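The UniProt record's numbering puts the first residue of the sequence shown at 1, with every later residue one more than the last.
Here a beta-carbon is modelled for each residue, glycine too, at the ideal position from N, C-alpha and C.
A quick note: this is a predicted structure, and the numbers were derived from the prediction, not measured.
Report on the structure given below.
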Amino acid sequence: MVCEYGIEYEERKHGQLFTLKGAKEILAMLLSECEKTGLVDIKTNCEVKTITAIDEQGFQIATTLGYFEAESVVIASGGLSIPTLGGSGIGYEIAKQFGHHVYPTRAGLVPFTFSDSFKEVTTRLSGNAVDATLSNDLNAFTEALLFTHRGLSGPSSLQLSNYWDVGQSFKIDFLPSVDLHDYLKAKKHSQPKALLRTLLGEHFPKSVVVELQNLIWPELAETAIGQLSDEKLEHIATRLHAFEVKPSGTEGYRTAEVTLGGVDTTEVSSKTMESKKQKGLYFVGEILDVTGHLGGFNFQWAWSSAHAASEYV
1 MVCEYGIEYE
11 ERKHGQLFTL
21 KGAKEILAML
31 LSECEKTGLV
41 DIKTNCEVKT
51 ITAIDEQGFQ
61 IATTLGYFEA
71 ESVVIASGGL
81 SIPTLGGSGI
91 GYEIAKQFGH
101 HVYPTRAGLV
111 PFTFSDSFKE
121 VTTRLSGNAV
131 DATLSNDLNA
141 FTEALLFTHR
151 GLSGPSSLQL
161 SNYWDVGQSF
171 KIDFLPSVDL
181 HDYLKAKKHS
191 QPKALLRTLL
201 GEHFPKSVVV
211 ELQNLIWPEL
221 AETAIGQLSD
231 EKLEHIATRL
241 HAFEVKPSGT
251 EGYRTAEVTL
261 GGVDTTEVSS
271 KTMESKKQKG
281 LYFVGEILDV
291 TGHLGGFNFQ
301 WAWSSAHAAS
311 EYV
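Written as structure tokens, this is what we have:
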């Protein structure tokens, strides 16, 4: 369909496809397909107030534009993320109304914030990015790490936020592609008069190296690597590979790309997406307790689950 509409796209890593001119072309394509059917009537500025089951006849939906009746209702209201774009909890309220269990929700794929001295570091480095591995006991992600005025963002941070909770710490490997202990020992012999920040400047922006120096080896800033013991180099390498930080929180739903938690999937048919508790009621997309990694997987889930429901509505 994308090709039929002449929409240009490119393939990036992991088989992800991105349009070259933005999402507007996709929206226009979908609206055009709806118009072709002659069966789709899109209402805007229409707030749903209540949904009531009418015996075996379907549902009555009370809205700000009046009452509507339907044999089936599909809840595709999304989660609580980015409320300025319409995110709300109405879907969860409807699910609970019809007896569904809703797992507690929280912001996912969201930047970390800090309130300790590390925030001063991220503020000074705001706009800088490095390839790093962020890890905790549950998972690890090696992707770009972005420093911000509030804390840490970028793909690696967003990914790990799905596996983090308040009060927990995680580790940053600032150079996962290099065995720093071996690298520094080799440099000790080949460039004994060099400073650590000079050597690490081959791998990081200068401003990042300076901050790492102030955090990990401030007292050795002007000491040549040849004067450092192997034990000291190993200690520095270990800190750079496993620097522990403890966020104070996240930026919350305001900037979260997804909402974790939602309607219990065991109470919904995996084939039709129909509620097992209320005939004719369907749940698709983010309203369900399904969350994918960064990179279009959550969009794919929304479209795939919606397609499954459309085959039976």
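To which residues does DSSP link residue i through a beta bridge?
{"i": "Y282", "result": "V74, E274"}
{"i": "Y103", "result": "G262"}
{"i": "V173", "result": "This sequence places Asp at residue 173; Val is not what is there. Paired residues: T133."}
{"i": "T113", "result": "G151, G249"}
{"i": "G6", "result": "Answer is none; G6 lacks a bridge partner."}
{"i": "E69", "result": "Q60"}
Over the uninterrupted alpha helix (DSSP H) stretch that includes residue i, give me the two end residues.
{"i": "P155", "result": "155–161"}
{"i": "V245", "result": "Looking at the DSSP string, V245 is not in any alpha helix (DSSP H); the run it does join, the beta strand (DSSP E), is 243–245."}
{"i": "T198", "result": "196–200"}
Starting from residue i, trace the beta strand (DSSP E) both ways and give me its first and last residue.
{"i": "Q60", "result": "59–63"}
{"i": "A53", "result": "48–53"}
{"i": "L134", "result": "129–135"}
{"i": "Y9", "result": "9–11"}
{"i": "E267", "result": "It is not in any beta strand (DSSP E) - E267 carries neither H nor E in the DSSP assignment."}
{"i": "F98", "result": "First-last for F98: undefined, no H or E at that position."}
{"i": "F18", "result": "17–19"}
Measuring straight from C-alpha to C-alpha, what distance separates residue i and residue j?
{"i": "G127", "j": "L138", "result": "28 Å"}
{"i": "T64", "j": "V40", "result": "19 Å"}
{"i": "A107", "j": "I287", "result": "13 Å"}
{"i": "F59", "j": "E25", "result": "34 Å"}
{"i": "I42", "j": "F299", "result": "21 Å"}
{"i": "G6", "j": "K21", "result": "11 Å"}
{"i": "Q167", "j": "G15", "result": "In the sequence on display, residue 167 carries Gly and not Gln. So the alpha carbons of these two residues sit roughly 36 Å apart."}
{"i": "A70", "j": "S117", "result": "57 Å"}
{"i": "A95", "j": "Q159", "result": "28 Å"}
{"i": "G66", "j": "K49", "result": "10 Å"}
{"i": "Y92", "j": "F98", "result": "10 Å"}
{"i": "E120", "j": "S190", "result": "35 Å"}
- prompt: Do the stretch 88–107 and the stretch 249–265 meet, that is, are 3 or more Cβ pairs less than 8 Å apart?
  reply: yes
query: Would you say the stretch 73–87 touches the stretch 278–297, given that touching needs at least three Cβ pairs under 8 Å?
result: yes
- request: Evaluate the contact criterion for the stretch 191–202 versus the stretch 210–220: three or more CB pairs, one atom per stretch, below 8 Å.
  value: yes
message: Would you call the stretch 244–253 in contact with the stretch 222–229, where contact means no fewer than 3 C-beta pairs closer than 8 Å?
response: no
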